[in-house]
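Right, one structure below, let's go through it.
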Ligand code: MF3
Ligand code: CO
């Protein structure tokens, strides 16, 4: 990310008005409700494509849109072919739903989902156990979920952008998980990815000042082994370099005078 001038807004950062925040609250509720529906569908024997169908049906019924479908961050990358990312076990993020990927007992699946409502995006992700999973997987899911909350607690006026990453990283590393550096959170609004970048690591007290009206997607990715990743043959799926487990949690958060407001919470 670029170095922000203290006290100044970083280039391209948008602050949302009260009316825009009202729209983003509705967008966030759609995401939360659909993720709950998807969560209830996760069980052994279900394919990741079946989960994508549930997501697409919900999108259609609610008359919202997917910012994922056809998404192409830059030319040379294949357009993203689905409305949901399903990342299983050693897949970190951006797993593509497939009829061939059948969930089995003991797996971990990350569901990453976003919608556009009245021109505004809300974005969230959750990692879930499939059926019964080991104690160590439960522990990792708990630490991942909590690391996101530690970041959210910092998402308020008086703090700076890297206070978020510092809190996430300290918590995750204290529990001996590594933090993925190759992907990070982002501003969110009319576009899914807006400045500033929100790394899940960093020096406290540095980076852009957080101000009311700023809306951020915070999304830590924690690995059981090394932090390094690579992109698979399909051009999208990000995997851990060592083949070990990864978990991912994300919320869309508005900075308000009173502190963080989680827009993608039920
Ligand atoms: N939710 C992801 C993010 O925060 C985006 C998924 S990539 C897409 O960056 F291709 F599916 F859109
Ligand atoms: Co995101």
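Numbering (the numbering used here), first residue to last: 3 to 268. Where is the CB? At the ideal position from N, CA and C, for every residue including glycine.
Membership of residue 263 in the beta strand (DSSP E) is indicated by the continuous run 261-264. Residue 128 sits away from residue 45, with the two beta carbons spaced by 8 Å or more. When DSSP assignments are scanned along the stretch 110-180, the uninterrupted stretches of beta strand (DSSP E) that are 3 or more residues long and fall wholly within it turn out to be 110-119, 122-131. Any heavy atom of the ligand MF3 within less than 6 Å of a residue's beta carbon puts that residue on the list, which reads 70, 73, 82, 87, 96, 114, 116, 125, 219, 221. Note that the C-beta distance between residue 112 and residue 136 is not below 8 Å.
Residue 52 carries a helical assignment under DSSP once its states are collapsed to helix, strand and coil.
Residue 86 places its beta carbon 8 Å or farther from that of residue 122.
In the structure shown, the three-state DSSP call for residue 223 is strand. In the three-state reduction of the DSSP assignment, residue 256 falls in the strand class. Remark: the C-beta of residue 146 is outside contact range of the ligand CO, defined as less than 7 Å to any heavy atom. In this structure, residue 217 and residue 191 form a Cβ contact; the two beta carbons are roughly 6 Å apart against a cut-off of 8 Å.
Around the beta carbon of residue 145, 16 or more other beta carbons lie within 10 angstroms, which makes this residue buried. Here the stretch 217-231 does not lie against the stretch 57-70, with fewer than 3 beta-carbon pairs under 8 Å apart. Taking 8 Å as the cut-off, the beta carbon of residue 200 is found closer than this to the beta carbon of residue 163. Distance from the CA of residue 210 to the CA of residue 101, rounded to the nearest whole angstrom, comes to 43 Å. In the DSSP assignment, residue 32 falls within the unbroken alpha helix (DSSP H) covering 20-43. Residue burial annotation: residue 38 is exposed, with fewer than 16 other C-beta atoms found within 10 angstroms of its C-beta. In the DSSP assignment, residue 89 falls within the beta strand (DSSP E) that extends over 86-90. DSSP places residue 196 in the strand class (E or B) of the three-state scheme. With a contact defined as Cβ atoms closer than 8 Å, residue 152 and residue 173 qualify at about 4 Å. Non-local C-beta neighbours of residue 56 in its own chain, meaning closer than 7 Å and more than five positions away in sequence, comprise 39, 40, 43, ordered along the chain. Under DSSP, residue 249 shares a beta bridge with 224. Cβ contact annotation for residue 48 (same chain, cutoff 7 Å, sequence separation greater than five): 105, in chain order. Not one heavy atom of the ligand CO falls within 7 Å of the beta-carbon of residue 153. The residue among 241, 202, 165 with its C-alpha nearest the C-alpha of residue 186 is 202.
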